[in-house]
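At the far end of the sequence shown sits residue 992, using the working numbering, and the numbering has no gaps.
All C-beta atoms in this analysis are idealised placements derived from N, C-alpha and C, irrespective of residue type, glycine included.
Working notes, structure below.
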Amino acid sequence: PTMTFKQASMMAPEAPEATASTVPMSTMENSTEAAGPGESKEDMFTKLRDKFMNELNKIPLPPWALIAIAVVAGLLILTCCFCICKKCCCKKKKNKKEKGKGMKNAMNMKDMKSGNQDDDDAETGLTEGEGEEEEKEPENLGKLQFSLDYDFQANQLTVGILQAAELPALDMGGTSDPYVKVFLLPDKKKKYETKVQKKTLNPAFNETFTFKVPYQELGGKTLVMAIYDFDRFSKHDIIGEVKVPMNTVDLGQPIEEWRDLQSGEKEEPEKLGDICISLRYVPTAGKLTVCILEAKNLKKMDVGGLS
Numbered sequence: 686p687t688m689t690f691k692q693a694s695m696m697a698p699e700a701p702e703a704t705a706s707t708v709p710m711s712t713m714e715n716s717t718e719a720a721g722p723g724e725s726k727e728d729m730f731t732k733l734r735d736k737f738m739n740e741l742n743k744i745p746l747p748p749w750a751l752i753a754i755a756v757v758a759g760l761l762i763l764t765c766c767f768c769i770c771k772k773c774c775c776k777k778k779k780n781k782k783e784k785g786k787g788m789k790n791a792m793n794m795k796d797m798k799s800g801n802q803d804d805d806d807a808e809t810g811l812t813e814g815e816g817e818e819e820e821k822e823p824e825n826l827g828k829l830q831f832s833l834d835y836d837f838q839a840n841q842l843t844v845g846i847l848q849a850a851e852l853p854a855l856d857m858g859g860t861s862d863p864y865v866k867v868f869l870l871p872d873k874k875k876k877y878e879t880k881v882q883k884k885t886l887n888p889a890f891n892e893t894f895t896f897k898v899p900y901q902e903l904g905g906k907t908l909v910m911a912i913y914d915f916d917r918f919s920k921h922d923i924i925g926e927v928k929v930p931m932n933t934v935d936l937g938q939p940i941e942e943w944r945d946l947q948s949g950e951k952e953e954p955e956k957l958g959d960i961c962i963s964l965r966y967v968p969t970a971g972k973l974t975v976c977i978l979e980a981k982n983l984k985k986m987d988v989g990g991l992s
């Protein structure tokens, strides 16, 4: 029993030594655990770089090829972004246009409503526009004095072309060379012409022409008196004309009156064909030679369609 007590006493002081030795071990473990995360953050980028380089080294391509692939991929990404931005901008513009159209339609509806409410103002506006058109004076083409006389026994209409006044100047010298064509519509085949009055704007003709027309047919005809300016080397220019519907005239007694000329319709010349000629003039001998070479597209005059 004494030995056991001594042994127990001898074993008792050893307990604090064990406890003293265990304390520093726990502090060391805590210090290592705290230092571990700091070292991983510092080395994270280096580890990732090493891994990336290792992966690149595993790819069997040269460095310039990898750079080219990266550039192409970047360009594709940029183009995709550009297309997306453009679509967004187009949608915004379309929305703005639709809004603008809606605003215009609304304004038009408002204008229509205001126009319906202000009918009187609109009517006055129309009259003002008509007044402006009326202010434009018609072109003065001159006037013509003529006479009409119908012989019921002979069924004959006598037309007298007396004179004209205040004709416009169509020649370079400030004058005209007027003459008058007289015919009955709708038949234009029978036409009369007065003599040409040279270089005058107030010609006196004093000529008469007769038309053999039954009185029953005269009401459906129109008398036309057209004044032309004579040109020696070019087409004659129409100055003006006077149209007299015969169903509006009382032929029970002779008529003599002045009428203003109206702008006349230009007559389309009848196509008669073409002729080719040559001219030669010798001044010293005073000799003019005319050669007729050929003609073509002539008017058909025979029954068989030839001439």
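With contacts defined as CB atoms closer than 9 Å, Ala-911 and Gly-949 qualify as a contacting pair. About 14 Å separates the CB atoms of Ala-850 and Asn-891; that is not less than 8 Å, and the two are not in contact. Cβ-Cβ distances below 8 Å link Gln-947 to Leu-826, Gly-925, Glu-926, Val-927, Lys-928 in the same chain, with the five nearest sequence neighbours on each side left out; the list follows chain order.
Looking at the backbone, the Cα of Asp-916 and that of Thr-885 are separated by about 14 Å.
Linking Ile-752 to Cys-765 through their CA atoms gives a straight-line distance of about 20 Å. In the displayed model, Phe-915 falls within coil according to three-state DSSP, outside both helix and strand.
Excluding the 5 residues flanking it on each side, Ile-846 has same chain C-beta neighbours closer than 7 Å at Phe-831, Val-865, Val-867, Thr-879, Phe-890, Glu-892, Met-910, in chain order.
In this structure, the CA atom of Thr-860 is about 8 Å from the CA atom of Pro-853.
With respect to Leu-855, Asp-914 sits close: the two C-beta atoms are nearer than 9 Å. Sixteen is the threshold: since fewer than 16 other Cβ atoms of the shown chains lie within 10 Å of the Cβ of Leu-978, the residue is exposed.
Looking at the DSSP output, Arg-965 bridges to Thr-974. Considering only Lys-772, Glu-902, Met-986, the residue with the shortest C-alpha distance to Tyr-835 is Glu-902.
Look at Lys-873 here: in three-state DSSP terms it is coil, with no helix or strand label.
The C-beta of Phe-767 has fewer than 16 other C-beta atoms within 10 Å across all chains shown, which makes the residue exposed. Straight through space, the alpha carbons of Gln-882 and Leu-957 are spaced by roughly 29 Å. For Gln-938, no beta strand (DSSP E) encloses it, and the DSSP letter there is neither H nor E. In the three-state scheme derived from DSSP, where H, G and I count as helix and E and B as strand, Asp-922 is classed as strand. Taken in chain order, the complete alpha helix (DSSP H) segments of 4 residues or longer contained in the region 843–910 are 900–903.
Taking C-beta separations shorter than 7 Å and ignoring five residues to either side along the sequence, the partners of Ser-963 in its chain run Cys-976, Leu-978, following chain order.
The beta carbon of Leu-991 lies closer than 7 Å to those of Lys-985 in the same chain, with the five residues before and after it left out. For Phe-837, DSSP assigns no beta-bridge partner whatsoever. Residue state for Lys-772 is assigned as helix, using DSSP reduced to three classes. Within 10 angstroms of the beta-carbon of Pro-863 lie 16 or more other beta-carbons, which makes it buried. With contacts defined by Cβ atoms closer than 9 Å, Pro-939 and Lys-906 do not form a contacting pair. For the pair Gly-904 and Asn-932, the CB atoms are nearer than the 9 Å cut-off. For Leu-936, the closest C-alpha among the options Lys-771, Cys-770, Leu-833, Pro-747 is that of Leu-833.
Relative to the Cα of Lys-873, the nearest Cα in the group Leu-908, Val-757, Ala-839, Gln-841 belongs to Leu-908.
At a Cβ-Cβ threshold of 9 Å, Gln-838 and Thr-895 do not count as neighbours.
Excluding sequence positions up to five before and after Asp-922, its CB lies within less than 6 Å of the CB of Leu-855, Asp-914, all in the same chain and listed in chain order.
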